Amino acid sequence: MANYKQSDYEALRRRCIELSQVGWKQAAIAQVFGLTQPWVSRTLKKYNQQGLTALQEGKRTGAPPRLSAQQLDLLVIELNKGAEHHGFSGAIWTRPRVNEVIKKLFGVSYDPSQVGRILKKVGWSRQLPQRKASQQDAQAVTQWRSERLPELKKKAKAEGRVILYIDESACYLLPFVAHTWAPCGQTPVLMEQAGRTHLSLIAAIAANGQIYVAGQNQAFTSEDIVWFLKLLCGRYRKRNLLIIWDGAAIHRSNVVKELLRERLGRMHLERLPAYSPELNPVELLWSQLKRNLKNKAFTSLDELTVAVLEQTKRLEKDPKSVKAFFNKKEIAFITD
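Numbering (the UniProt record's numbering), first residue to last: 1 to 336.
Spelled out as structure tokens, the structure:
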């Protein structure tokens, strides 16, 4: 059947009647307008029973909304109080949870798909929450971006050092990503604490797009960190290094301090503000790597390792994408 606008059907019904009255067969009428013969037959039958009123296009109305505008406003106010305020565990809003709030407030219940439409109607959308540590010092982060990082860049330039960001992460056999509903343009933030068995990864990236990644199937130790730092020194034999990383215990160990004494002046280590992974561009590398592995199931760490290695090699061949990490406003590192 041909596609017509709803407003076209009244004219089509009238033409069907006119052609039928001058002797056209139903099959011929259906063919010329791209209609089905049963549709033409029903139109003629209604005309014979009801006359011209049967040809008029009535205004179609859906089921009346069960929530008024005032009720929707109240719903938004309650949702903005947070899921935990309403007795749920965690700050995630799901459609079933929202529906429970609607039932408590207004005594009506919706299908999950309808709850989604309601949330969109009030300006909410399904989003992936940002993860942010509750212990972060906002003032320290601001000072890092506006003062300390520019100072470090000047220092590196004056001393001929290569700036390398380092970070550790993990990949899991069964990754899980949760979404929540929230107002459009207002990405929710989840407070979290991490710690599970994983495939350990460590990476260093430079502003020119070079990356260095290593991994193992057990947690990193201070000795592993020293090994990685020595590896980087080997890659930059003629340049001293300025390492920027977080304040993890293995970064502050006596073994690492001993390496600094052994190679006096070879490396300068700088800590990021505590609980501020968004300041490290390596986090963006991890995000891209894990995004590329999303929805893939692995049966062993060996299989996962192979997949991670493949993704790492792709990134090594695409320094332009890696350089783009440094241009993110969260990093506040704009290359000269």
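Positions of the beta carbon are idealized from the N, C-alpha and C atoms, including for glycine.
For clarity, every value in this text was computed on a predicted model and none was experimentally measured.
*asked:* Looking at the strands, I want to know which residues DSSP matches up with residue 171.
replied: Reading the sequence shown from its first residue, position 171 is the one you call residue 171. DSSP output for residue 171 lists 199 as bridge partner(s).
_Cβ shell of residue 29 (< 6 angstroms), same chain only, five flanking positions each side left out_ = Locating residue 29 in the sequence shown gives position 29, counting from the first residue. Correct list, in chain order: 16, 19, 40.
*Pairwise C-alpha distance: residue 9 and residue 322*: Position 322 of the sequence shown, counted from the start, is the residue given in the question as residue 322. Position 9 of the sequence shown, counted from the start, is the residue given in the question as residue 9. Those two C-alpha atoms are separated by around 57 angstroms.
*Does the stretch 44-57 come within contact of the stretch 95-102, defined as at least 3 CB pairs closer than 8 angstroms?*
no
_residue 52 burial status per 10 Å Cβ neighbour count (16 or more: buried)_ = One-based indexing of the sequence shown puts residue 52 at position 52. It counts as exposed.
_To the nearest angstrom, how far is the alpha carbon of residue 177 from that of residue 112?_
What you label residue 177 is simply residue 177 of the sequence shown in a count that begins at 1. What you label residue 112 is simply residue 112 of the sequence shown in a count that begins at 1. In this prediction, residue 177 has a pLDDT of 49, which is less than 50 and means its spatial position is unreliable; nothing more can be read from the coordinates.
*For residue 287, does the count of other Cβ atoms within 10 angstroms reach 16, so buried, or fall short, so exposed?*
Against the sequence shown, residue 287 aligns to sequence position 287. Exposed.
*Can you give the Cα-Cα distance for residue 173 and residue 202, rounded to whole angstroms?*
By 1-based counting over the sequence shown, the position of residue 173 is 173. By 1-based counting over the sequence shown, the position of residue 202 is 202. In a straight line, the C-alpha of residue 173 is about 18 angstroms away from that of residue 202.
*Examine the Cβ distances between the stretch 161-171 and the stretch 102-116 and report whether three or more of them are shorter than 8 angstroms.*
no
_Suppose you measure from the CA of residue 225 to the CA of residue 232; what does that come to, to the nearest Å?_
For the purposes of this step, residue 225 is taken as the residue at position 225 of the sequence shown. For the purposes of this step, residue 232 is taken as the residue at position 232 of the sequence shown. Roughly 11 angstroms separates the two Cα atoms.
*Should the stretch 309-325 be regarded as contacting the stretch 256-271, the criterion being three or more beta carbon pairs within less than 8 angstroms?*
no
*asked:* Quick check on the DSSP output: the beta strand (DSSP E) that includes residue 271 runs from which residue to which?
replied: Locating residue 271 in the sequence shown gives position 271, counting from the first residue. 267-271 is the extent of the beta strand (DSSP E) around residue 271.
_Cβ neighbours of residue 84 in the same chain (closer than 8 angstroms, five flanking residues each side left out)_ = For the purposes of this step, residue 84 is identified with residue 84 of the sequence shown, where counting begins at 1. Taken in chain order, the residues that qualify are 90, 91.
*Looking at C-alpha atoms only, which residue of 34, 26, 331 is the closest neighbour of residue 42?*
Stepping through the sequence shown from its first residue, residue 42 is reached at position 42. Residue 42 has its Cα closest to that of 26, out of 34, 26, 331.
_Per DSSP, what are the beta-bridge partners of residue 183 in this structure?_
In the sequence shown, residue 183 corresponds to position 183, counting from 1. In the DSSP output, where bridge partners are listed per residue, residue 183 has 124.
*asked:* Could you check whether residue 242 and residue 156 sit closer than 8 angstroms to each other, using their CB atoms as the reference points?
replied: The residue labelled residue 156 in the question sits at position 156 within the sequence shown. The residue labelled residue 242 in the question sits at position 242 within the sequence shown. Yes, these two residues count as a Cβ contact at 8 angstroms.
*According to DSSP, residues forming a beta bridge with residue 216*: Translated into positions along the sequence shown, residue 216 becomes position 216. Beta-bridge pairing links residue 216 to 200.
*When the Cα of residue 277 is compared with those of 46, 6, 332, 215, which residue comes out closest?*
As a position in the sequence shown, residue 277 is number 277, starting the count at 1. With distances taken between Cα atoms, residue 277 lies closest to 332.
*Quick one: what does DSSP say residue 165 is sitting in, helix, strand or coil?*
Start at 1 with the first residue of the sequence shown, and residue 165 comes out as number 165. It is a strand residue.
*Nearest to residue 249 by CA position, among 320, 219, 235, is which residue?*
As a working mapping, residue 249 is identified with position 249 in the sequence shown. The option with the nearest alpha carbon to residue 249 is 219.
*Just reading off the alpha helix (DSSP H) that residue 250 is part of, what are its end residues?*
The count along the sequence shown starts at 1 and reaches residue 250 at position 250. Premise fails: residue 250 is in no alpha helix (DSSP H) and is neither H nor E.
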